[in-house]
Amino acid sequence: MLAAMDDAVGDGVDVMSVSIGSSGAPLRFADDGIALGALHAAKRGVVVSCSGGNSGPKPATVSNLAPWMLTVAASSIDRAFHSPIKLGNGVMVMGQTVTPYQLPGNKPYPLVYAADAVVPGTAANVSNQCLPNSLSSDKVRGKIVVCLRGAGLRVEKGLEVKRAGGAAILLGNPAASGSEVPVDAHVLPGTAVAAADANTILSYIKSSSSPTAVLDPSRTVVDVRPSPVMAQFSSRGPNVLEPSILKPDITAPGLNILAAWSQASSPTKLDGDHRVVQYNIMSGTSMSCPHVSAAAVLVKAAHPDWSSAAIRSAIMTTATTNNAEGGPLMNGDGSVAGPMDYGSGHIRPKHALDPGLVYDASYQDYLLFACASAGSGSQLDPSFPCPARPPPPYQLNHPSVAVHGLNGSVTVHRTVTNVGSGEARYTVAVVEPAGVSVKVSPKRLSFARTGEKKAFRITMEAKAGSSVVRGQFVAGSYAWSDGGAHVVRSPIVVLVA
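Numbered as in the UniProt record's numbering, the sequence shown ends at 497 without a single skipped number.
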């Protein structure tokens with residue numbers, strides 16, 4: 001991987017998109033080929049955007065943790081592929097599907113719950129998940145089978161229903177997945193439903209001696225609300241390798257994305273699926289990462305002289321933490337999302353073209369950071385001697401602030417560069433994390449010209465008598481505003497010791 005990234009830098013690329021995340025224990029920066037390749041790229045001004053991983057919603061699962069790369073989470077868009085499900089009791093449930101197959105006749109089909117149709121010996125804890133060779137053909141033949149997500153691939157569940165002679169699959173979310181509904185090109189008619197709708201269907205099955213359902217064809221719907229919503233599969237922070245750097249950095253569309261597809265592989269990649277397609281619907285941070293890479297290309301094209309750090313800063317500080325309705329970004333389970341879910345927020349490429357201020361950092365700054373973070377600076381670059389007392393990792397001039405183990409007060413230093421047109425005046429606004437006092441000094445920054453730099457301090461202190469649970473992360477933010485088009489926002493995340 002390192003060799004490939006170094007070759008790309010040598011070829012003169014401007015942006016690298018790395019849709020590779022990890023679900024295992026993270027490697028030290030000096031042992032991580034992607035982190036090393038991204039550092040070499042940053043030295044040459046190349047922006048590297050990386051997938052954050054698909055191991056959410058558990059905390060501390062995010063991968064690609066170095067501050068010199070953009071680590072991308074995944075969220076939804078405002079499009080859905082609605083497919084109504086008409087239950088035999090007259091209740092209609094809205095599912096989603098992109099499966100090209102339809103049940104013939106537009107008529108009611110018998111409905112069965114997978115847990116009620118398994119072969120003897122199937123483990124009870126997975127009996128509802130349609131795992132390979134778990135379904136009884138006698139019990140599912142010609143029926144719509146309700147399966148739940150969990151173990152195994154979603155498309156494999158559809159294959160099992162087809163193997164057993166089922167007519168279609170209804171794939172329901174478990175409670176942990178909430179309203180996140182990924183769709184797949186199943187090998188038979190298949191519709192996916194949110195957790196609440198799956199419960200409605202299961203309640204109907206239990207209450208009826210002869211449950212039935214009609215699956216209507218799908219139609220594309222736009223302007224779906226609320227949107228965006230954080231994908232439950234998206235890996236979450238904190239950064240287990242260096243808690244002083246908030247990860248992920250940003251979120252972008254990664255749920256049910258129309259993507260180009262190799263004609264050398266079927267849309268499910270399953271044995272026996274011989275379909276050939278040019279496009280497929282995909283979900284994952286491997287889909288959200290290229291969205292951010294594309295935004296970086298746009299910013300680089302508009303500002304070819306900007307460093308990779310400046311471009312990352314522009315993307316992060318112009319992100320939004322609100323959905324299209326103006327409310328806070330939510331997680332798929334209905335909880336309010338925060339920086340550990342989305343980093344700085346949801347990407348806004350147009351705003352990133354004109355951020356007003358940027359947080360810049362050099363190759364040497366990153367090596368100094370690495371000297372303090374596990375003492376790996378000289379390992380990343382043997383020609384760089386680490387000082388005896390390098391600055392703490394949280395002093396890196398990064399567009400977000402993370403303090404791990406706040407005990408007493410901590411002062412963080414930052415420097416911004418004016419990239420607007422000439423003279424500008426900015427005022428800071430602070431949203432304090434619960435139980436933490438945050439003071440920014442100075443509160444106003446005045447710039448006489450483009451390219452001018454100004455330094456400021458952020459002092460954080462745990463409030464006496466606060467009810468904040470020790471060892472729990474709390475979040476806030478600070479934002480510089482010129483009273484016009486520019487609001488330069490940075491998240492603050494604090495773990496109180």
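Ideal placement from N, C-alpha and C gives every residue a C-beta, glycine not left out.
Coarse secondary structure for residue i, derived from DSSP in three states
i: residue 83; result: strand
i: residue 199; result: helix
i: residue 379; result: helix
i: residue 324; result: coil
i: residue 556; result: Past the boundaries of the shown model lies residue 556; the chain is included only from 1 to 497, so the question cannot be answered.
i: residue 359; result: coil
i: residue 134; result: coil
i: residue 414; result: strand
i: residue 177; result: helix
i: residue 479; result: strand
i: residue 331; result: strand
i: residue 336; result: strand
Residue i to residue j span [Cα, whole Å]
i: residue 141; j: residue 166; result: 5 Å
i: residue 175; j: residue 195; result: 5 Å
i: residue 348; j: residue 319; result: 5 Å
i: residue 358; j: residue 216; result: 50 Å
i: residue 310; j: residue 361; result: 8 Å
i: residue 354; j: residue 42; result: 21 Å
i: residue 292; j: residue 146; result: 36 Å
i: residue 372; j: residue 388; result: 10 Å
i: residue 380; j: residue 396; result: 17 Å
i: residue 47; j: residue 301; result: 12 Å
i: residue 154; j: residue 413; result: 47 Å
i: residue 315; j: residue 296; result: 8 Å
i: residue 491; j: residue 273; result: 46 Å
i: residue 111; j: residue 130; result: 15 Å
i: residue 8; j: residue 172; result: 42 Å
i: residue 270; j: residue 134; result: 18 Å
i: residue 429; j: residue 257; result: 36 Å
9 Å Cβ cutoff, residue i in contact with chain B
i: residue 398; result: Among the chains of the structure shown, chain B does not appear; only one protein chain is present.
Endpoints, the beta strand (DSSP E) within which residue i is located
i: residue 439; result: 436 to 441
i: residue 404; result: 401 to 406
i: residue 492; result: 487 to 496
i: residue 146; result: 144 to 148
i: residue 17; result: 15 to 18
i: residue 259; result: 257 to 260
i: residue 192; result: 190 to 193
i: residue 1; result: No beta strand (DSSP E) holds residue 1; DSSP gives it neither H nor E.
i: residue 279; result: 279 to 282
i: residue 253; result: 250 to 253
Own chain, CB closer than 8 Å to residue i, minus 5 neighbours either side, in chain order
i: residue 247; result: 52, 62, 64, 65, 71, 237, 238, 239, 343
i: residue 6; result: 37, 40
i: residue 188; result: 99, 101, 158, 161, 162, 166, 167, 168, 169
i: residue 435; result: 462, 463, 466, 467, 468, 474, 496
i: residue 334; result: 178, 179
Range covered by the alpha helix (DSSP H) that runs through residue i
i: residue 311; result: 308 to 317
i: residue 297; result: 285 to 302
i: residue 34; result: 33 to 43
i: residue 267; result: Where residue 267 is concerned, there is no enclosing alpha helix (DSSP H), given that its DSSP letter is neither H nor E.
i: residue 349; result: 349 to 352
i: residue 275; result: Residue 275 -> no alpha helix (DSSP H), and no H or E assigned at all.
i: residue 341; result: 339 to 342
i: residue 242; result: Neither: residue 242 is in no alpha helix (DSSP H) and is coded neither H nor E.
i: residue 154; result: 154 to 163
Close beta carbons around residue i, own chain, < 6 Å, minus the five adjacent residues each side
i: residue 475; result: 338, 339, 433, 493
i: residue 398; result: 67
i: residue 431; result: 476, 477
i: residue 441; result: 457
i: residue 345; result: 319, 320, 321
i: residue 277; result: 261, 267
i: residue 390; result: 368, 371, 372
i: residue 517; result: The first residue shown for the chain is 1 and the last is 497, placing residue 517 beyond what the model contains.
i: residue 410; result: 403, 460
i: residue 313; result: 358, 359, 399
Own chain partners of residue i with C-beta closer than 7 Å, once the 5 adjacent residues on each side are dropped
i: residue 402; result: 243, 244, 245, 246, 394, 493
i: residue 132; result: 156, 160
i: residue 224; result: 78, 79, 80
i: residue 376; result: 28, 29, 30, 370
i: residue 405; result: 495, 497
i: residue 34; result: 1, 18, 20, 50, 64
i: residue 108; result: 88, 212, 213, 214
Runs of beta strand (DSSP E) lying entirely within the stretch 416 to 476, each at least 3 residues, in chain order: 424 to 431, 436 to 441, 444 to 447, 453 to 462
Which ranges does the beta strand (DSSP E) cover as unbroken runs of at least 3 residues, wholly within the stretch 45 to 118, from first to last along the chain? 47 to 51, 70 to 75, 79 to 87, 92 to 96, 109 to 113
Secondary structure, beta strand (DSSP E): runs of 3+ residues fully inside the stretch 204 to 239: 212 to 215, 219 to 222
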